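**Q**
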Amino acid sequence: MTTAAAGIETVAPRRRDRWPPLVPLAIVALLVLCGLFAPWLAPRSPVEGSLGERLVAPFWMDGAKPGHPLGTDRHGRDTLSRLIHGARISIAVSVVGITLTGAAGVFIGLLAGFFGGWVDTLLMRLVDISLSLPGILIAVLLSVVFEPSFTNVIVVVVFLLWPSYARLTRGETLGLKQQDFVALARVAGCGSLTIMFRHIVPNLAPSILVLATLHVGYVIVLEAALSFLGVGIPPPTPSWGVMVADGRGLIEQAWWVSILPGIAILVTVLSLNILGDWVRDRLDPKLRQV
Amino acid sequence: MQRYVVGRLVQSLVSMFVVSLVVFALVRLSGDPIQIMAPPEASQADIAMMRAYLGLDRPWAVQYWTFISHAVRGDFGTSVRFRRPAMELIAERYGATLELGGLAVFIVIAVALPVGVYAAVRRGSALDYTARTLAALGQAVPPFWLGLLLVLVFGVMLRLLPTSGRGTPLHVLLPGITLGWFAVAGLMRLTRSSMLDVLGSEYVKLARIKGLPERTVIWKHAFKNAALPVVTFAALLFVALLNGSIIVETVFGWPGLGLLVIEAVDSRDYPIVQAVVMCLSAMYIGVNLLVDVLYAYLNPKIRYAS
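One line per chain: the protein sequences are A and B, in this order.
Numbered according to this note's numbering, the first sequence spans residues 15 to 304.
Numbered according to this note's numbering, the second sequence spans residues 19 to 324.
1. In chain B, what lies closer than 7 Å to A:W269 by C-beta?
2. I'd like to confirm the pairing. Which residues does DSSP put opposite B:P103 in its beta bridges?
3. Name the DSSP bridge partner or partners of B:T209?
4. Flag B:Q157 as yes if its beta-carbon sits less than 9 Å from any beta-carbon of chain A, otherwise no.
5. Counting only Cβ-Cβ distances shorter than 9 Å, please list the residues of the region 191–204 of chain B near chain A, keeping chain order.
6. Have a look at the DSSP bridge pairing and note the partners of A:D92.
7. Whose C-beta lies closer than 7 Å to the C-beta of A:G276 among residues of the same chain, with five residues either side of it excluded?
8. How do the region 53–73 of chain A and the region 259–268 of chain A stand: do at least 3 beta-carbon pairs fall below 8 Å, yes or no?
9. Quick one: which chain B residues come within Cβ less than 8 Å of A:V46?
10. Would you mind reading off the limits of the alpha helix (DSSP H) that contains A:S285?
11. With DSSP run on the structure shown, which of helix, strand or coil describes A:A106?
12. Against chain B, does A:L97 count as a neighbour if the rule is that its beta carbon must be under 9 Å from one of theirs?
13. To be precise: take each residue of the region 268–295 of chain A, compare its Cβ to all Cβ atoms of chain B, and keep it if any distance is under 7 Å. Which residues remain?
14. Is it the case that the Cβ atoms of B:A104 and B:A293 are separated by a distance below 9 Å?
15. Looking at C-alpha atoms only, which residue of B:L166, B:L217 and B:L178 is the closest neighbour of B:P193?
16. Going along the chain, which residues of its own chain have a beta-carbon closer than 6 Å to the beta-carbon of A:P60, five neighbours each way excluded?
17. What are the residues in the region 237–269 of chain A lying within 9 Å of chain B by C-beta distance?
18. Closer than 6 Å by C-beta to A:A20: which residues in its own chain qualify, once you throw out the five before and the five after it? Chain order, please.
19. Taking only beta-carbon atoms, is A:G77 less than 9 Å away from chain B?
20. Under a three-way DSSP split, which group does B:A314 fall into?
21. May I ask you to list, following chain order, the residues of the region 134–160 of chain A that have a beta carbon less than 8 Å from some beta carbon of chain B?
22. Any idea which residues DSSP pairs A:A78 with across the strands?
23. Using the rule of at least 16 other Cβ atoms within 10 Å of the residue's Cβ for burial, across every protein chain shown, is A:E23 buried or exposed?
24. Would the beta-carbon of B:M296 fall within 9 Å of that of B:A89?
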């Protein structure tokens, strides 16, 4: 920025920074458990309801019924079971989406940074163009052409996020390829591919991991937003965004249908962001400015 | 500077070209429109005639040229649902989106800049703490859900504000706040960290030593320099508002472009979707270009580099 050195924050390393913040960690662990074991943990089916038990209130309100601690929705489906299965969708989208994005972005960034010249120019122009396209509109378009689906959501995630991985990788690669170990590998007879994947990629891992952790929360909100708009995960699959959308017209009679999944998103994303910041501070403090 | 501006301009045109290609290709990929339009008893000759009439028998490049040359003149065809030109519907709706966006921008600037500046000046104070909590929440609260929460509190429980549609000035309040909230957190964070950088600088110390009043130091000396990264955020702000407006308009039934396009998705109204996507993309790319040029102009490092 404008003044170098003058404004740098000097933060003394604190003891507690060595351990991850416990509450967010517990929440995320619980979420992963829910995602992995949803069919066994959920008390009822997430997609089948009984019409006799429509809009049952959660346990602390009048009109609650045993067996539905968090109430039911318009179709008599159990909110708790849908929330537990929804965790599965959120995790699947973020894991698949970020893995694919990371792989594509890192590969492109690696090519650009390592080879330089016209390859670099071409690929970085692609990054600029990609960044200048409005992602949510592309999502809308995709959903008109193809039916809304899990794949659409992944395409949108990859489309929106690959430039940041490509840029980060390119920058780091530019620095790494000047280092002695790359020259030595070259002298030892390694080809470009070996140098790129055996010698440079392992050195990129911390930064990429940090970026990926910071993106998890963003991807979960993005998926929920797309599903809420009807251009993401199609109902009746219990995505949290779908659940919020389901309760939209019921806000007067049955607020819990849409407010509870929103709280799930909020708590999850907040926890993930706090953990992401912690991972960044531990692994790669220089990303603090990003 | 000139070279930079021309370069950015060319890049924006390429982006717009890519958008148009994507729109064109995706709609063609969606299947043969004749299959949908022609009655099942139509003969082969009828279908061939229809194909020729719609220009679908010509090569792709020619079809693209037809599409783009009409699009440039604002002709995106007729809405399937409303049976009116798509552009006419856009012209009707965009005023509502601008109204909503205007209020949101006002909220963002009126809240984020002062809070960000004073959070940096009084670092570690209660204000700073509140600002940072709000910023953390801002990133985690999904805007569509915040909208519903506001509807629940102010519309259903307190019965203070209307929750759907457009009409009185009160109608714009809840959607405006929801849309603004979306961007407040980011701008506040950026202003704070940018101010912190500047406040530690030598020239701010000098201004203080000269005995200038604190307000002058903060706003004239520090903020002016801290504002540069904030300008770049204007582009991001616009993105947030654009994405947000689609969501917020859906939540509040606000009759703008966002609601128009989401309704068009539901009814498979291709011309409307094409038209809205092209128009909003053009705005989006245009604003990005404008911000980059403005940034280059404000920042002598870029202005004299090329």
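We put the beta carbon where it would ideally sit given N, CA and C, even for glycine.
What you are looking at is a predicted structure, and each value in this text was computed from that prediction instead of being measured.
**A** Answer, in terms of the structure:
1. Here the neighbours are L170.
2. Here B:P103 is bridged, per DSSP, to B:T96.
3. According to the DSSP secondary-structure assignment, B:T209 is paired through a beta bridge with no residue.
4. With 9 Å as the cut-off, B:Q157 counts as an interface residue toward chain A.
5. Of all residues in the region 191–204 of chain B, none is placed with a Cβ closer than 9 Å to any Cβ belonging to chain A.
6. A:D92 is bridged to A:T86.
7. The residues are V258.
8. With three or more CB-CB distances shorter than 8 Å, the region 53–73 of chain A counts as touching the region 259–268 of chain A.
9. None at all; the shortest Cβ gap to chain B is about 18 Å.
10. It spans W270 to L297 - the alpha helix (DSSP H) in which A:S285 sits, taken as one unbroken run.
11. The DSSP-derived three-state label of A:A106 is helix.
12. Not an interface residue.
13. Taking a C-beta cut-off of 7 Å against chain B, the contacting residues of the region 268–295 of chain A are W269, S272, I273, G276, I279, L280, V283, L284 and N287, listed in chain order.
14. Yes.
15. Closest by alpha carbon: B:L166.
16. Excluding residues within five positions, the ones whose Cβ falls inside 6 Å are S95, R96, H99 and P252.
17. Answer in chain order: A238, A239, F242, L243, G244, V245, W254, G255, V258, A259, G261, R262, I265, E266 and W269.
18. Residue placement at A:A20 is flagged as unreliable, the pLDDT there being 39, under the threshold of 50; the coordinate-derived value follows with that caveat. Around A:A20, the same chain offers no residue with a beta carbon nearer than 6 Å, after the five sequence neighbours per side are excluded.
19. Not closer than 9 Å to any Cβ of chain B, the Cβ of A:G77 fails to qualify, so no.
20. Correct three-state label for B:A314: helix.
21. Correct list: R139, D142, I143, S146, L147, P148, G149, I150, L151, I152, V154, L155, L156, S157, V158, V159 and F160.
22. Residue pairing for A:A78: DSSP places it in a beta bridge opposite A:A71.
23. Here A:E23 scores only 45 on pLDDT, less than 50, and its place in the model should not be relied on; the value that follows carries that caveat. Its Cβ having fewer than 16 others within 10 Å, A:E23 is exposed.
24. In this structure, B:A89 lies closer than 9 Å to B:M296 by Cβ.
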